[in-house]
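Under this note's numbering, the sequence shown has 334 at position 321, and the numbering climbs by one with no breaks.
Cβ coordinates follow ideal geometry from the N, Cα and C atoms, glycine included.
These numbers come from a predicted model, not from an experiment.
Reviewing the structure listed below.
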Amino acid sequence: MSYPKIPASEITPEHLYRSRRRFMKGAGAMAMAALLAACGVPSLKGQEAAEPALSGAGATPGTVPPTPLAGLTDELGDPANTWDEITHYNNFYEFTTKKTKVAQMAEGYPTEPWKVEVGGLVANPRTFDIDDLRKFGEEERIYRLRCVEAWSMVIPWVGFPLARLLKAVEPLSKAKYVRFQAVFDPDRLPGQRSKVYQWPYVEGLRLDEAMHDLTILATGLYGKPLPMQNGAPVRLVVPWKYGFKSIKSIVKIDLVEEMPVSLWMAAAPNEYGFYANVNPEVPHPRWSQRTERRIGERKRRPTLMFNGYAEQVAHLYANMDLRKNF
Ligand SMILES: Nc1nc2c(c(=O)[nH]1)N[C@H]1C(S)=C(S)[C@@H](COP(=O)(O)O)O[C@H]1N2
Ligand SMILES: [Mo]
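Structure follows, in C-alpha cells:
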C-alpha cells in the first residue's frame with residue numbers, strides 16, 4: 014500500500030473512545046436527539062478586545078436539541094457549549110466577517126446536491142456525495158475549538174476520521190500534503206465579492222496530520238446535520254490547531270506534493286503559518302495567545318499546548334522549531 018501506516022501511538026485514546034461510545038452509530042439513530050478579522054486581518058486591530066458579546070439570539074424552535082444533551086463534557090470535564098452559542102457565533106468569511114450575523118445570512122443556503130471531489134496524487138480518485146461520506150461513519154467527537162482570535166468553545170461534532178476517506182482513494186507515495194478547498198459561489202456568498210481575500214478558502218495539512226485519528230470530517234453537530242453557518246454539509250475539524258484550519262463547506266480535496274498555500278497564509282504570511290498549532294508560547298504578532306475566553310464564561314482561562322491534545326499529537330512535531338513552523 015502506498016499510504017503511510019498509522020502508528021500505534023495514534024490509536025484512539027480511551028477517553029475519546031468512551032466519549033464516542035456514548036454516541037450512536039448513525040445520525041438517524043441519534044434519538045436524542047472575522048478573521049482577517051477572524052484571523053485578525055491586519056486592518057482589524059484588537060479583534061480580541063473588540064470581539065462582540067454573544068447576541069443571545071434564540072435558536073428557531075425545533076432546532077434546539079432536547080435537554081438530555083445538556084451535560085455533555087469534553088474529556089477534561091468542561092461542559093459543551095450550547096447549540097445556540099455554537100450556531101450563532103461563527104467565523105465564515107464567505108458570508109460576512111460579523112460573527113453574530115453569519116447564522117441569519119447562511120440560512121437557506123442550498124447544500125443539496127453537494128459533491129466532494131477527491132483526487133490529485135491518488136490511485137483511486139473519487140467524487141463523493143454526502144450520503145457516500147456518511148458511509149465512512151458517524152460518531153461523536155467532543156472537541157475544543159480554539160480560534161486564533163483567543164476565544165474558544167467545546168463542540169460535540171458528528172463525523173468520521175479523515176483517514177478513512179484518504180485510505181479509500183489510495184494516496185501515492187509522492188503525496189506529502191492534503192489541500193482542501195471550500196465552496197466558490199460569489200453570486201450567493203457576498204463575502205467572496207470582497208477582494209481582500211483570495212477566494213476560494215483553501216487550507217492544508219501534512220499527510221500525517223491528516224491521517225491522525227483526531228482529524229475528522231464533520232457532517233453534524235449535537236447529533237443533528239451540520240447547520241450551514243458551521244460549514245454544511247461537510248467541514249474539516251483539526252482540534253489541536255487554530256480554528257481557521259478547520260475549513261468549512263468543502264468541495265475538493267487533493268493529495269499534493271508541495272505544501273499548499275492557505276487563504277490565510279496568502280493574506281498575512283507573517284501572522285498565519287501553515288502549521289497553526291495552538292501554542293500559548295508563540296504570540297500572534299498583534300496579541301498574546303496565553304489565555305482565551307471560553308464562550309459562556311467570564312474569566313479567561315489559560316490556553317493549553319496543542320489545545321490540550323499534546324499527548325496525542327506532540328510526536329508529529331518532534332525536532333521541529335515551533336516558533337519557526339508556526
Ligand atoms: N470556508 C471557511 N471555513 C472556515 C472559516 C471561513 O471563514 N470560511 N473560518 C474559520 C475560522 S477562523 C474558525 S474559528 C472556524 C469557526 O468554526 P465555527 O463557526 O463552526 O465555530 O471555522 C473556520 N473555517
Ligand atoms: Mo478563527
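> Pairing CB atoms from the segment 269-286 with CB atoms from the segment 302-311, are three or more of them under 8 angstroms?
Replying inline: no
>> Beta-carbon within less than 7 angstroms of Met118's beta-carbon, same chain only, minus the 5 sequence neighbours each way: which residues are those?
In response: Around Met118, the same chain offers Phe108 and Thr109 as residues with beta carbons nearer than 7 angstroms, after the five sequence neighbours per side are excluded.
> Gly244 bridges to which residues according to DSSP?
Replying inline: Gly244 is not bridged to any residue.
> Near Gly321, which residues of its chain fall below 7 angstroms by C-beta distance, leaving aside the five closest residues on each side in sequence?
Replying inline: Leu89 and Arg157
>> Please report the distance separating the alpha-carbon of Ala281 from that of Asn292.
In response: Taking the straight line joining both Cα atoms gives about 18 angstroms.
> Taking Cβ positions, are Ile155 and Pro169 nearer each other than 8 angstroms?
Replying inline: Yes. Within cutoff.
>> For a quick check, are the C-beta atoms of Val251 and Gln194 less than 8 angstroms apart?
In response: no
>> Run through the DSSP bridge pairs and tell me what Leu230 is partnered with.
In response: Phe173 and Leu249
> What are the uninterrupted segments assigned as beta strand (DSSP E) that are 3 or more residues long and contained completely in the segment 127-155, given in chain order?
Replying inline: 128-133 and 139-142
>> In the DSSP output, what is Leu185 paired with across the bridge?
In response: In the DSSP assignment, Leu185 is bridged to no other residue.
> What are the boundary residues of the alpha helix (DSSP H) that Glu98 is part of?
Replying inline: Trp96 to His101
>> What would DSSP say about Asp267, mapped onto helix, strand or coil?
In response: strand
> How would you write the range of the alpha helix (DSSP H) that Glu324 sits in, first residue to last?
Replying inline: Ala323 to Val326
> Which two residues bound the contiguous alpha helix (DSSP H) that contains Ala83?
Replying inline: Careful: Ala83 lies outside any alpha helix (DSSP H) and carries neither H nor E.
> Using the C-alpha atoms, what's the distance from Asp226 back to Pro26?
Replying inline: At Pro26 the pLDDT is 37, less than 50, meaning the model places this residue with poor confidence and gives no usable figure here.
> Can you name, in chain order, every residue of its own chain whose Cβ lies under 6 angstroms from the Cβ of Glu284, other than the five neighbours on each side?
Replying inline: Pro298
> DSSP three-state call for Gln194: helix, strand or coil?
Replying inline: Taken through DSSP and simplified to helix, strand or coil, Gln194 comes out as strand.
> Applying the criterion that 16 or more other CB atoms from any shown protein chain within 10 Å of the CB defines a buried residue, is Met333 buried or exposed?
Replying inline: exposed
> According to the neighbour-count rule (16 or more other Cβ atoms, all chains shown, within 10 Å of its Cβ), is Ser259 buried or exposed?
Replying inline: Result: buried.
> When every heavy atom of ligand 1 is checked, does at least one fall within less than 7 angstroms of the C-beta of Gly256?
Replying inline: yes
> According to the neighbour-count rule (16 or more other Cβ atoms, all chains shown, within 10 Å of its Cβ), is Asp267 buried or exposed?
Replying inline: buried
>> Excluding the 5 residues flanking Val167 on each side, which residues of the same chain have their C-beta closer than 7 angstroms to its C-beta?
In response: Asp87, Asp91, Pro92, Ala93, Asn94, Ile155 and Arg157
>> If the criterion is Cβ atoms closer than 8 angstroms, does the pair Leu239 and Glu216 meet it?
In response: No, they are not a contact pair.
> Does ligand 4 have a heavy atom nearer than 7 angstroms to the CB of Asn137?
Replying inline: Inclusion of ligand 4 in the displayed structure is not the case, the ligand content consisting of ligand 1 and ligand 2 alone.
>> Just checking Phe105 against ligand 1 - is the residue's beta carbon closer than 7 angstroms to any of the ligand's heavy atoms?
In response: yes
>> For a quick check, are the C-beta atoms of Leu4 and Val269 less than 8 angstroms apart?
In response: A question about residue 4 goes unanswered here, because the residues of the chain that appear run from 14 up to 339.
> Any heavy atom of ligand 1 closer than 7 angstroms to the Cβ of Ala195?
Replying inline: yes
>> Can you check which of these residues, Arg201, Arg219, Tyr106 and Val129, is closest to Val326 by C-alpha distance?
In response: When only C-alpha atoms are compared, the closest one is Arg219.
>> In whole angstroms, give me the CA-to-CA distance for Trp277 and Gly150.
In response: Taking the straight line from one Cα to the other gives about 30 angstroms.
> Is Asn243 closer than 8 angstroms to Ile99 when the C-beta atoms are compared?
Replying inline: yes
> Cα separation between Pro246 and Ala223?
Replying inline: 19 angstroms
> Which whole-angstrom value is the C-beta distance of Phe257 and Ala289, which I expect to be below 8 angstroms?
Replying inline: 7 angstroms
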